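Notes for the one structure printed next.
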């Protein structure tokens, strides 16, 4: 009991301290893909058995989390309320061969005209938190030939709706500015492409696990996508 009482005392003390004259605190949070993450494209007009294409993903997202600092909400059934604004999404996928047409690196990035975000209810005393997040992204290929056929990015909008484990230490680390708090979101996201040549009605499925980290991941594929997006 003493092990859990001490973090609780620290957290309540911190909430009372920062709550003076302020109803909430805004925190920058970085999420990175963890483990095996994939995105698949199922094209209904291609022959069955040869119509599913898969790519491995890496990258992450930057967000701003605004947490209600009322310490009494720690003990409420709802928990602390956290509003989440998605500031930037940068993901890169390995190339896909579409019957001889290579996609090049696949770039997934936030739709700046329709930013994503959502809400979380944090209940560390019950070791859980409810997250509802909308990810509004665009998908682009980088190979010049295929880019000439599909110059416009493909829309991929999906929603995370999940309950995940959250401890007092996780929440304290988040408020203290430590990215290693250990909050992890894992879910399969699915969206259907709108009417368009060849790919209209295709099903896009992303199997993702995002966890809070201290620094955004780095990789040559991400660098390639960053340069590609900057040139749009």
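In our numbering, the protein residues as written are 12 to 243. Cβ atoms here follow ideal geometry from the backbone N, Cα and C, with glycine treated the same way. The structure presented is a predicted model; accordingly, all values stated were derived computationally and were not measured.
Output the distance between the C-alpha atoms of residue i and residue j, rounded to the nearest integer angstrom.
i: residue 98; j: residue 148; result: 12 angstroms
i: residue 143; j: residue 198; result: 11 angstroms
i: residue 239; j: residue 37; result: 31 angstroms
i: residue 89; j: residue 131; result: 10 angstroms
i: residue 81; j: residue 158; result: 50 angstroms
i: residue 237; j: residue 101; result: 8 angstroms
i: residue 128; j: residue 141; result: 14 angstroms
i: residue 244; j: residue 174; result: Here the chain comprises residues numbered 12 to 243, so residue 244 is not present and cannot be evaluated.
Measuring alpha carbon to alpha carbon, tell me which residue in the options is nearest residue i.
i: residue 8; options: 60, 38, 54, 194; result: Residue coverage of the chain in this structure runs from 12 to 243, which leaves residue 8 outside it and unanswerable.
i: residue 43; options: 241, 158, 243, 229; result: 229
i: residue 84; options: 224, 236, 226, 35; result: 35
i: residue 121; options: 184, 57, 169; result: 169
i: residue 151; options: 140, 164, 107, 49; result: 164
i: residue 182; options: 223, 171, 156, 219; result: 223
i: residue 110; options: 46, 146, 58; result: 58
i: residue 115; options: 153, 79, 187; result: 153
i: residue 187; options: 225, 87, 215; result: 225
i: residue 117; options: 146, 161, 185; result: 161
Since residue i contacts residue j with CB under 8 angstroms, what's their CB separation in whole angstroms?
i: residue 247; j: residue 39; result: The shown model of the chain, from 12 to 243, leaves out residue 247, and the question about it has no answer.
i: residue 103; j: residue 243; result: 15 angstroms between Cβ atoms; not a contact.
Using DSSP bridges, identify the partner residues of residue i.
i: residue 223; result: 42
i: residue 233; result: Note: residue 233 sits in no beta bridge, so no partner.
i: residue 109; result: 112
> Would the segment 173-190 and the segment 130-140 be scored as touching if the rule is three or more Cβ pairs under 8 angstroms?
Replying inline: yes
> Using 8 angstroms as the Cβ pair cut-off and three pairs as the minimum, do the segment 88-96 and the segment 61-71 touch?
Replying inline: no
> Between the segment 68-82 and the segment 197-216, do three or more beta carbon pairs fall short of 8 angstroms?
Replying inline: no
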